[in-house]
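Below you'll find the structure, written out as structure tokens, and then a few comments.
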Amino acid sequence: MSVPFSNTHLRVPRGFGDLLEGLAREVLRDQPKDIPAFAALYFRKLLQEREGIDTYYRIQIIHEMITHTHTHTHTHTHTHTHTHTHIV
Numbered sequence: 001m002s003v004p005f006s007n008t009h010l011r012v013p014r015g016f017g018d019l020l021e022g023l024a025r026e027v028l029r030d031q032p033k034d035i036p037a038f039a040a041l042y043f044r045k046l047l048q049e050r051e052g053i054d055t056y057y058r059i060q061i062i063h064e065m066i067t068h069t070h071t072h073t074h075t076h077t078h079t080h081t082h083t084h085t086h087i088v
């Protein structure tokens, strides 16, 4: 979506409309007296949630890497031992 501004067209960044829609919904629901302060708190909470989710996914990725490495090492050892058993 583009917005006319003078003789140029500005593009609305992806996700920006959803972000503003969420803020507008909360403003209409809570009817705050100080909308800029409310918006600052709203965006701060969104950032905290995102950081928490990012941390959760980082932990999951690290866990999967460790599990995969352990499984690969275990499989390699097992295969080597199994092969060695057949050779003897």
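Take 1 as the starting number for the sequence shown in the UniProt record's numbering and just add one per residue.
Every residue gets a Cβ at the ideal spot worked out from N, C-alpha and C, and that includes glycine.
Discussion item. For P36 and A24, what's the separation of their Cα atoms in angstroms?
Written reply: Translated into the one-based positions of the sequence shown, residue 36 becomes position 36. Translated into the one-based positions of the sequence shown, residue 24 becomes position 24. Approximately 12 Å, taken between the alpha carbons.
Worksheet item: Which of helix, strand or coil does DSSP assign to R11?
Response: In the sequence shown, residue 11 corresponds to position 11, counting from 1. Here R11 carries a strand assignment [DSSP, helix/strand/coil].
Worksheet item: With contact counted as at least three CB pairs below 8 Å, one residue from each stretch, are the stretch 44-55 and the stretch 28-35 in contact?
Response: The stretch 44-55 is not in contact with the stretch 28-35.
Discussion item. Once the 5 residues before and after T83 are set aside, which same chain residues still bring their CB inside 7 Å of it?
Written reply: Along the sequence shown, read from residue 1 onward, the residue named residue 83 stands at position 83. Because T83 sits at a pLDDT of 43, beneath the cut-off of 50, its placement in the model cannot be relied upon, and the point is left open.
Item to complete: Using three-state DSSP, classify P36 as helix, strand or coil.
Response: What you label residue 36 is simply residue 36 of the sequence shown in a count that begins at 1. P36 falls in the helix class under three-state DSSP.
Item to complete: Can you tell me which of the three DSSP states Q31 falls into?
Response: Taking the sequence shown and counting its residues from 1, the one referred to as residue 31 is at position 31. It is coil, neither helix nor strand.
Practice prompt. Measure the alpha-carbon distance for H68 versus T55 and round it to whole angstroms.
Written response: As a position in the sequence shown, residue 68 is number 68, starting the count at 1. As a position in the sequence shown, residue 55 is number 55, starting the count at 1. The alpha-carbon atoms of H68 and T55 are separated by roughly 20 Å.
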